[in-house]
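Structure record follows, encoded as structure tokens.
Residue numbers (the numbering used here): 432 to 527.
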């Protein structure tokens with residue numbers, strides 16, 4: 432990480448942290464600057480927030496009740512996993 436510019440991997444890390452806690456002013460500025468120079472990364476923040484929201488529907492470990500829980504078929508899980516890996520790979524290619 433340089434003084435005022437971050438690469439795509441560092442951007443994804445900061446966006447992930449932003450979901451869990453407030454960021455410093457400097458981190459917020461670095462996120463915004465990266466979004467200006469790397470349009471593909473703008474979607475990572477939205478995708479992470481969507482994934483986090485979807486995970487709230489998953490029951491905690493040890494819960495034996497599946498009432499009201501929709502379980503994804505294995506094929507869908509594999510497609511989602513492949514899409515996430517592809518997204519991470521593409522983000523790495525766009526590093527500054």
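The beta-carbon is built from N, C-alpha and C at its ideal position, and this holds for glycine as well.
Ranked by how close their Cα comes to the Cα of residue 438, the residues 480, 455, 471 have 471 in first place. In the assembly as shown, residue 475 is a buried residue. Its beta-carbon has 16 or more other beta-carbons within 10 Å. Residue burial is scored here from C-beta neighbours: residue 480 has fewer than 16 other C-beta atoms within 10 angstroms and is therefore classed as exposed. A straight line joining the alpha-carbon of residue 448 with that of residue 502 spans about 28 Å. Residue 460 and residue 444 have their C-alpha atoms spaced approximately 14 Å apart.
Going by C-alpha positions, residue 466 is about 33 Å away from residue 506. Take residue 478, set aside five residues on each side of it, and the residues of its chain with a beta-carbon closer than 8 Å to its own are 518, in chain order.
Rounded to whole angstroms, the Cβ separation of residue 436 and residue 454 is 16 Å, and the two are not in contact under 8 Å.
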